[in-house]
Amino acid sequence: MAPEHVTLLYRATGPGYWDAAVETEGSYDLVVVDGVERARCLTSAVGALSPSGVVLLDDAHREAYRSAVQGCRDAGFRTLRLVGPKPDHLPETECLLIYREGNCFGI
388 MAPEHVTLLY RATGPGYWDA AVETEGSYDL VVVDGVERAR CLTSAVGALS PSGVVLLDDA
448 HREAYRSAVQ GCRDAGFRTL RLVGPKPDHL PETECLLIYR EGNCFGI
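In this note's numbering, the protein residues as written are 388 to 494.
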């Protein structure tokens, strides 16, 4: 069960699930993007961020997400690349923190 200050959204894969964060009309400090349609989810997620919000994009090393990541950079977001192994993917995988100045992580 999530803590009271956490909004945990789960949507089954299917048409429109990538817009879950925007549908809630929330303003999130952290959005984790980990799903089949990561590029669409990322584009939607940045629209649901608070002014200090950050997106964590899982498996960001995949070519299919580069255009969406570049779109974030073009919109003024910065990226911090985190590389290392994970249990189901060796040798290494990558995730990205996508953030703006004044973010909640202080980076």
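Don't be surprised by glycine CBs; every beta carbon is placed ideally from N, CA and C. Small disclaimer: the values here were computed from a predicted structure and weren't measured.
- Task: For my contact list, Ile485 and Val442 are in at a C-beta cut-off of 8 Å; report their separation, rounded to the angstrom.
- Result: At roughly 4 Å, the Cβ-Cβ gap stays under 8 Å, so Ile485 and Val442 are in contact.
- Message: Suppose you measure from the CA of Ala389 to the CA of Leu396; what does that come to, to the nearest Å?
- Response: Cα to Cα, Ala389 sits roughly 10 Å from Leu396.
- Task: Name, in chain order, the residues that DSSP records as bridge partners for Gly413.
- Result: Assignment of beta-bridge partners to Gly413 by DSSP yields no partner.
- Query: Which residues bound the alpha helix (DSSP H) around Gly458?
  - Reply: Per DSSP, Gly458 belongs to the alpha helix (DSSP H) from Arg453 to Asp461.
- Grouping DSSP H, G and I as helix and E and B as strand, with all else coil, what is Glu450? Glu450 sits in a helix when the DSSP states are folded into three classes.
- Query: Where does Cys428 sit, in a helix, a strand or coil, going by DSSP?
  - Reply: Look at Cys428 here: in three-state DSSP terms it is helix.
- Item | Extent of the continuous beta strand (DSSP E) to which Gly440 belongs | Taken as a continuous stretch (DSSP letters only), the beta strand (DSSP E) holding Gly440 covers Leu436 to Leu444.
- Query: Does the distance from the CB of Ser439 to the CB of Cys491 come in under 8 Å?
  - Reply: With contacts defined as CB atoms closer than 8 Å, Ser439 and Cys491 qualify as a contacting pair.
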